Amino acid sequence: MTLPRRTFLHLAAGAAALPAVSSFAWARTYPSRPVRVVVGLAPGSAPDILSQLLGRSLSERLGQQFIVDNLIGVGANLAAEAVVNAAPDGHTLLMAGPSSAINATLYQKLGFDFMRDIAPVAAIAHSPNVMLVRPTVSAMTVPEFIALAQNNPGQLKLISAGVGTATHLCGELFELLTNTNMVHVPYRGGAGAYDDLLAGLVDVYFPPLASSLNYIKAGQLRALGVTTTSRHEGLNVPTIGEFVPGYEAGTWFGIGAPRHTPAEIVSWLNQEINASLADPTVKARIADLGGTIIAGSPGNFGQLIAKETQKWAKVIQSANIA
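Count the sequence shown with my numbering and you get residues 3 to 324, in order.
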């Protein structure tokens, strides 16, 4: 898959190069009315919580309300399309995440091109997903689970929050790199997934850390590893990559804006978002959710999205996911 990285990153690089005086000039007029932050998942989800948290901070800093709008449907594509088609004036923003990168390949007939039509503004945070197994599974470590799966091809049940979700692709990447074959069982939005895992009806799940931490701490489910390249300080388990070379995945979120949003506005928003992320209260809340702040320039965020889009395109194509 060939991605238009040059065009995408050019938008971000232009914003980063603007002189500070230009940002200050825009600060006098932007935002001129409430800002809509569109989220493709339900209230209470990780991106919704982050949007609410960031919105409150930005509202205080900029003197206008940042209102979260949960626009759910078509794998978060409805939210992305709403922002793509919004006026490029900085008053409609997107809380982007893994689905933004995944859907570029997963959906063949989108009405937009995410890499072309959304300008990266600022990365916010990332967190690991966790490899969870049912309480009665015999494997106590990642290598033991790999051996179990290899000795029982097509017998273990890999569950996810739906076809093409990050929880699904984390599992597919694991299968590709370990030469294992499990049965994929998708749950619509993840509803019922934990109940069935606790009941021993299914075998393994790769959910975000934030939603699984209570089950792990209570000893109800066993965490074998985290999906990121570094161990998580709040969880005493290794990384999957310590046993599976090349394995790396995770959940990340950041803010995007419609293509052609003035670079001055992108630069100003980036500056204010990064300032919000430096606030101790915001930092502590993100840490409570299992996240790590990844503040940076629009260009940094653009590079992250391009890298993630390319990685998941290979997994989707190799696993023949449709």
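Every residue gets a Cβ at the ideal spot worked out from N, C-alpha and C, and that includes glycine. What you are looking at is a predicted structure, and each value in this text was computed from that prediction instead of being measured.
Exposure of residue i, with buried meaning 16 or more beta-carbon neighbours within 10 Å
i    : result
A22  : Low confidence applies to A22: its pLDDT is 45, below 50, so where it sits in the model is not reliable enough to give any reading.
T9   : Residue placement at T9 cannot be trusted, given a pLDDT of 44 that sits under 50; what the coordinates show is reported in the next sentence. The residue is exposed, with fewer than 16 neighbouring Cβ atoms inside 10 Å.
D290 : exposed
V37  : buried
G292 : buried
K316 : exposed
G202 : exposed
V76  : exposed
D197 : exposed
A103 : buried
A125 : buried
N154 : exposed
G156 : exposed
G173 : buried
G236 : exposed
A48  : buried
G57  : buried
G304 : buried
S25  : Residue confidence is low: S25 scores 47 on pLDDT, short of 50, so the model does not pin down where it sits. Its coordinate-derived value is still stated next. Counting Cβ neighbours within 10 Å, S25 comes out buried, since at least 16 surround it.
N87  : exposed
N322 : exposed
T94  : buried
P137 : exposed
Test item: CB-CB of residue i and residue j under 8 Å
i    : j    : result
T294 : A121 : no
R224 : V135 : yes
M184 : K159 : yes
V39  : D71  : yes
V165 : P188 : yes
P210 : T241 : no
P130 : T230 : yes
A163 : G194 : no
S59  : D281 : yes
S278 : R63  : yes
I318 : T167 : no
I161 : L200 : no
G221 : V239 : no
Y249 : F147 : no
L171 : W270 : no
Bridge partner(s) assigned by DSSP for residue i
i    : result
W254 : H128
G227 : M133
Y207 : L134, I161
F68  : V37
M97  : I257
I120 : P260
T294 : H128
T241 : V228
H170 : Answer is none; H170 lacks a bridge partner.
V246 : Per DSSP, none; premise fails for V246.
P188 : S162
Proximity winner among the options, relative to residue i (alpha-carbon distances)
i    : options                : result
A98  : A127, G113, I218, H170 : A127
D91  : P240, A280, G292, A259 : A259
D50  : L96, A88, Q305, A265   : L96
A89  : L64, R261, A321        : R261
A265 : G301, G57, G113        : G301
S299 : G194, V268, F68, T229  : V268
T169 : A251, N154, T231       : A251
P100 : G192, E274, K309       : K309
V139 : W270, I323, Y109, V206 : V206
S53  : F208, I275, P155, G173 : I275
I307 : N105, W270, C172, S232 : N105
G46  : R35, P33, I74, Q67     : I74
I288 : N322, L55, G221        : L55
I296 : G256, S320, K313       : G256
* Asked: When the Cβ atoms of the segment 179–188 are set against those of the segment 239–250, are three or more pairs found closer than 8 Å?
  -> yes
* How about the segment 75–87 and the segment 42–59: do they share at least three Cβ pairs that are nearer than 8 Å? -> yes
* Asked: Do three or more CB pairs link the segment 110–117 to the segment 210–219 at distances below 8 Å?
  -> no
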